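Asker: Submitted below is the structure of interest, expressed as structure tokens.
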Amino acid sequence: MEKIYRCLIIAFWLFNSGFASTVSSASAVSITDEKFRNDVLLFARSIAQSYFSGVPVSHTEALVLDGNWTVSVTPYLRGEAIGTGTGKSHMLHQAVENAVRDLISVPGRTHPSEKDLKDARFMISFSRSG
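Pasting the structure below:
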């Protein structure tokens with residue numbers, strides 16, 4: 112009985128937190144989907160590489176999701192966080208871009224190097240309100 116209760120609490124939390132799914136104007140998109148997760152990760156890495164190389168980056172249509180997004184990007188190198196960037200926007204792709212730019216270019220703090228970012232594992236968390 113306790114297991115069922117825990118599962119219900121987790122399911123209720125996932126549903127109410129917006130983690131289980133998000134709705135765009137056209138269709139429902141699962142943000143727990145592996146392809147979607149990989150698209151977000153690849154886009155974040157591309158933005159970081161673009162900062163150092165100057166090569167422009169385009170986003171996929173999967174990241175054009177409307178909402179009040181808050182995104183946090185934290186790269187880890189050998190198990191240690193090497194920085195954190197936060198971004199907000201009404202579009203998911205712009206919030207991801209803002210978070211990566213905050214991570215690598217905001218004045219007044221130490222920024223990860225291009226090599227560190229290339230070797231790092233990224234943790235990206237995002238939420239949507241409204």
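Residue numbering for the sequence shown is 112 to 241, as defined by this note's numbering.
Even glycine gets a Cβ: it sits at the ideal position worked out from N, Cα and C.
This one's a predicted model, so the numbers in the text were calculated from it and none came from an experiment.
#1: Identify, in the order they occur along the chain, each residue of the same chain with its Cβ nearer than 8 Å to the Cβ of residue 152, setting aside the five sequence neighbours on each side.
#2: Helix, strand or coil for residue 184 per DSSP?
#3: Restricting to Cα atoms, I'd like to know which of 191, 169, 210 is closest to residue 180.
#4: Taking contact to mean 3 or more Cβ pairs, one atom from each stretch, closer than 8 Å, check whether the region 211 to 222 and the region 193 to 200 are in contact.
Answerer: Let me spell this out:
#1: 233, 235
#2: strand
#3: 210
#4: Yes, since at least three Cβ pairs between the region 211 to 222 and the region 193 to 200 fall closer than 8 Å, the two stretches touch.
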